[in-house]
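Enquirer: According to the numbering used here, the stretch in the sequence shown is residues 58 to 669, in order.
C-beta: ideal position from N, C-alpha, C; glycine also.
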Amino acid sequence: GMAEKMEIPDLSVANGTQSYYWDFTFDSKDQIWLSSQSAGLFCIDSRNYKVINYKYNPGDSFSLFHDYSISPLCCDRQGNLWGATENGIFAYHPANRRFYNTSNPCTYSDQFIGFTGSRAMQMDKEGNIWVTANADRVARLSRPEELLSPLQHVMHIENGYSGQIRGFLIDKGGQFYFSTDRGLMRMNASDMRALHFGEDYGIKKLNKLSCGKNGSIYAAGEEGYSVIDPNKLNTHYSSTISILSKFKIFDSLVLENISGVYPEEIQLNYRQNFLSFEMSSSDLQSTGPADFAYRLRGLEDDWVKSGQRNYAAYTNLSGGEYEFQFMARRGNGQWGKYVTISLIVIPPFWETLWFWLIAIMSFLLLVYWVYRYRIDQIRKEEELKSEFARQIAEIEMKALKAQMNPHFLFNALNAIKYYVLRQDKEKAADYLTDFSRLIRLVLNNSNKGQIPLREEIEALELYIKIEQLRFDNSFHYEMMVDQTIDLENFLITPMIIQPYVENAIWHGLMHKRDGVGKMLIRFDRTPEGICCVVEDNGIGRVKAAEVKSKSAQREKSMGMTINHNRMNISKTLHETEFRLRIEDLYNEVSESAGTRIVLQINPLRTEQSSFA
58 GMAEKMEIPD LSVANGTQSY YWDFTFDSKD QIWLSSQSAG LFCIDSRNYK VINYKYNPGD
118 SFSLFHDYSI SPLCCDRQGN LWGATENGIF AYHPANRRFY NTSNPCTYSD QFIGFTGSRA
178 MQMDKEGNIW VTANADRVAR LSRPEELLSP LQHVMHIENG YSGQIRGFLI DKGGQFYFST
238 DRGLMRMNAS DMRALHFGED YGIKKLNKLS CGKNGSIYAA GEEGYSVIDP NKLNTHYSST
298 ISILSKFKIF DSLVLENISG VYPEEIQLNY RQNFLSFEMS SSDLQSTGPA DFAYRLRGLE
358 DDWVKSGQRN YAAYTNLSGG EYEFQFMARR GNGQWGKYVT ISLIVIPPFW ETLWFWLIAI
418 MSFLLLVYWV YRYRIDQIRK EEELKSEFAR QIAEIEMKAL KAQMNPHFLF NALNAIKYYV
478 LRQDKEKAAD YLTDFSRLIR LVLNNSNKGQ IPLREEIEAL ELYIKIEQLR FDNSFHYEMM
538 VDQTIDLENF LITPMIIQPY VENAIWHGLM HKRDGVGKML IRFDRTPEGI CCVVEDNGIG
598 RVKAAEVKSK SAQREKSMGM TINHNRMNIS KTLHETEFRL RIEDLYNEVS ESAGTRIVLQ
658 INPLRTEQSS FA
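1) Cα-Cα, which of 82, 94, 89 and 84 is closest to residue 76?
2) Buried or exposed, going by whether 16 or more other CB atoms sit within 10 Å of the CB of residue 137?
3) Are the beta-carbon atoms of residue 330 and residue 403 separated by less than 8 Å?
4) Excluding the five sequence neighbours on either side, which residues of its own chain have a C-beta within less than 6 Å of the C-beta of residue 240, listed in chain order?
5) Looking only at its chain, what residues have a beta carbon closer than 7 Å to the beta carbon of residue 651, apart from the 5 residues adjacent to it on each side?
6) Taking contact to mean at least 3 C-beta pairs separated by less than 8 Å, is the segment 572–583 in contact with the segment 523–538?
7) Can you tell me whether residue 418 is buried or exposed, with buried defined as 16 or more other CB within 10 angstroms of its CB?
8) Pick out the complete alpha helix (DSSP H) segments inside the segment 221–287, 4 residues or longer, and give them in chain order.
9) Are the Cβ atoms of residue 656 and residue 557 separated by less than 8 Å?
10) Can you check whether the CB of residue 176 is closer than 8 Å to the CB of residue 223?
11) To the nearest whole angstrom, what separates the beta carbons of residue 83 and residue 120, a pair I think is in contact under 8 Å?
12) Output the distance between the C-alpha atoms of residue 165 and residue 430, rounded to the nearest integer angstrom.
13) Should the segment 410–424 be called in touch with the segment 344–364, which here means at least 3 C-beta pairs below 8 Å?
14) With a floor of 3 residues, list each beta strand (DSSP E) that falls wholly inside the segment 537–612, ordered by position along the chain.
15) Determine whether the beta carbon atoms of residue 573 and residue 532 lie at a separation below 8 Å.
16) For residue 492, report the span of its alpha helix (DSSP H) as first-last.
17) Assuming residue 403 is part of the alpha helix (DSSP H), what are its boundary residues?
18) Out of curiosity, what's the CA-to-CA distance linking residue 601 and residue 621?
19) Could you tell me the alpha carbon to alpha carbon distance between residue 134 and residue 145, rounded to whole angstroms?
20) Taking the alpha-carbon of residue 515 as reference, which of 319, 504, 554 and 488 has the nearest alpha-carbon?
21) If residue 187 sits next to residue 227, beta carbons under 8 Å apart, how far is it from one beta carbon to the other, in whole angstroms?
22) Please report how far the alpha carbon of residue 251 lies from the alpha carbon of residue 305, in whole angstroms.
23) What are the boundary residues of the alpha helix (DSSP H) that residue 510 is part of?
24) Need the endpoints of the beta strand (DSSP E) that residue 79 sits in, please.
25) Going by beta carbon distance, what residues of the same chain come within less than 6 Å of residue 201, once the five residues before and after it are set aside?
26) Over the uninterrupted beta strand (DSSP E) stretch that includes residue 391, give me the two end residues.
27) For a quick check, are the C-beta atoms of residue 383 and residue 299 less than 8 Å apart?
28) Determine the DSSP secondary structure at residue 457, reduced to helix, strand or coil.
29) Specify, as a first and last residue, the run of the beta strand (DSSP E) that residue 640 falls within.
30) Compare the Cα-Cα distances from residue 204 to each of 116, 436 and 139 and report the closest residue.
31) Take residue 399 and list the residues in its own chain whose beta-carbon comes closer than 6 Å to its own, dropping the five residues that flank it on each side.
32) Note down, in chain order, each residue of its chain lying with its Cβ closer than 8 Å to the Cβ of residue 178, except the 5 sequence neighbours on either side.
33) Among 355, 339 and 356, which residue has its Cα nearest to the Cα of residue 349?
34) Spatial neighbours of residue 307 within its chain, please: C-beta separation below 7 Å, excluding the five flanking residues on both sides.
35) Could you tell me which whole beta strand (DSSP E) segments of length 3 or greater appear in the segment 305–344?
Okay, structure coming up:
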């Protein structure tokens, strides 16, 4: 037959979504390009019917950037394929097989509106590609690389057209024709001024346009197919001149009977929020009443066609930039060129950006100040609590010292009494000498919270010598001090070790019946502080508990309780931590062989060092 069947992909369901073809075109290599609703772009080689499907690839910046709603297609003289989607424009460069895409805003006065939603695309006689978008805008493109930056050649269709462009045609003479939802529009590309042909010419809503060999325009619309002879369309632009008769703010007249030259901008403050415009027109070629159309850009985009009503009013405008545009026509002629009056409404200071920045900064500073004030208050409260706790601790420490000193003196005086009763004057004299030195140390340290470790060791040695004399040298002792300990700068609570030495003598060594009693006192340096070990070879805790000495039990209970309380208070007052461990010693046959006291003393302040 005369026709050959070509198989193309079935798009009834593509990717699980209902799809169909939008448009097609031929390139210079006789390849057919097909655009689809949701399946991307297809290229069919007309010689071997090989099909290539181009789709969006997220890993390739030069791939097709959108698979959906690819509608108009057009090939230029260089073999580049141009197309558009709802999200922007693309061009395919066959030489490097790259897609160039844009969805950037355009560089024109409405710079915040993207160039999207294209329905039509055409090539003019110079080889430029023209594409329509967003109702009243057209763009001229010549190279695919232009799409890598915001579009430069973007133009408004003048004469206040407001509608949706559905089709686009460039005739042999270079005239632009647009089919719209309101009829047909013809535009001169040199000045972008448009003529509108609607119901007055029997033309209604149109879709696609095509140009015949004789210059006729073929248009497909909702009511059928139309053939339009361009020569029968009114080719004259409107001679109607729009005039601003009055511009009032409330009842105050600001402008009157202005035509041609208008002020660049009119500044209003936020209190001037009732504006009224009176419009009129002048036309030397036409008579009869005038119709008016107006809009306030920044508030509304569509034209308000008010008929013969020549009055427009606006109230309660918020701060910002506006353009009041209006135009007129006589009879059923073309609309005259619209007039633009620029207005700037200066917002109240509390609606400005700088005010909100200052307000936010002030609020943040206030929050920070309240936060800092509260932190300072809490810190002061804690300091008061700490000071109060320290004062209470000092009072408790003094009270414990007041109990500790009589406890020690009572035991020492009992020893002196023992020697006097025995009438051993020489030993009594030696005892009194050491006792006086010990009493002097105790009295000197009685009002001190902490003393050097050297003084504590000296007091311990005097006390042990006194106890040796008291018990007729029935035990021996050995004092070992780590040479790396700084005895002058390491501070310790006075007489904190003495109760454990006393306990070892009275409850361990005093009741020993076999062999010589021995006691070892050792001070070792540790990473945290120092460790004091008091070790005896006495009867041990188990046998000591069996000794029926109520006096000894009372003294032990009193001395240990006082010392435990002093250690707790010292942690609060002097930031010194005490850790106590008691170990029972046994011989090879599991008999009690004495007791070991391990007292770890850790300064919590880093400036206090135990190193020499």
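Expert: By the coordinates alone:
1) 94
2) buried
3) no
4) 254, 255 and 260
5) 565, 592, 593, 594, 595, 597 and 642
6) yes
7) exposed
8) none
9) yes
10) yes
11) About 23 Å separates the two Cβ atoms, so there is no contact after all.
12) Since pLDDT at residue 165 reaches only 42, below the 50 mark, its modelled position is unreliable, and the value read off the structure follows with that caveat. Taking the straight line joining both Cα atoms gives about 53 Å.
13) no
14) 574–582 and 587–593
15) yes
16) 482–502
17) Taken as a continuous stretch (DSSP letters only), residue 403 belongs to no alpha helix (DSSP H), being part of the beta strand (DSSP E) at 396–403.
18) 20 Å
19) 22 Å
20) 554
21) 7 Å
22) 31 Å
23) 510–527
24) 78–83
25) 137, 148, 150 and 157
26) Neither: residue 391 is in no beta strand (DSSP E) and is coded neither H nor E.
27) yes
28) Because residue 457 carries a pLDDT of 49, less than 50, the predicted location of this residue cannot be relied on, and the following value inherits that uncertainty. If DSSP states are grouped into helix, strand and coil, residue 457 belongs with the helices.
29) 633–643
30) 139
31) 322 and 380
32) 129, 130, 131, 139, 140, 141, 186, 187, 188, 189 and 225
33) 339
34) 331
35) 309–315, 323–326 and 331–339
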